[in-house]
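Take a look at the structure below.
In the numbering used here, the protein residues as written are 40 to 159.
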């Protein structure tokens, strides 16, 4: 599966749906971002059930600002519309695989219950 370019026009639609969405915040001038791209693309091929999106922080500065992205690459995992993971820095493929498996294993009813309890 190819990655999806996330823009202001489609970001909310893609990330608010059910399922897992991984988002790579990157820029073309960022060396670590460029080196991480093949790892991210390979993970997208192995995990057909996950949507892999990329946000070009140069072109989509409002999205980057909305999520407080200060360092790139930053990887964010969203499941069922809830941000469940966010970390700056390129991940080795084994770590990216681990993040995907941990996000898959989450009990989203429990996550949403915890979020509701925190907002009281």
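Cβ coordinates follow ideal geometry from the N, Cα and C atoms, glycine included.
Just so it is clear, the structure is predicted and the values come from calculations on it, not from any experiment.
- Counting only residues of its own chain and dropping the five nearest sequence neighbours on each side, residue 75 has a CB closer than 8 Å to the CB of 63, 65, 112, 129, 130.
- Going by DSSP, residue 125 is part of the beta strand (DSSP E) stretching over 121–127.
- The DSSP-derived three-state label of residue 58 is coil.
- Proximity to residue 58 across 49, 138, 121 peaks at 121, based on C-alpha coordinates.
- Nearest to residue 41 by C-alpha distance, out of 89, 71, 139, is 89.
- The beta carbons of residue 43 and residue 117 sit about 13 Å from each other, so the pair does not count as a contact at 8 Å.
- Relative to residue 119, the option among 77, 134, 54, 137 whose CA is nearest is 54.
- Residue 64 is bridged by DSSP to 94, 113.
- With a cutoff of 8 Å on beta-carbon distance, residue 47 and residue 97 are scored as not near each other.
- The alpha carbon of residue 71 has as its nearest neighbour, out of 136, 127, 133, the alpha carbon of 127.
- Out of 79, 84, 105, 73, the CA that lies nearest to the CA of residue 51 is found in 105.
- The criterion of a C-beta distance shorter than 8 Å is not satisfied by residue 91 and residue 103.
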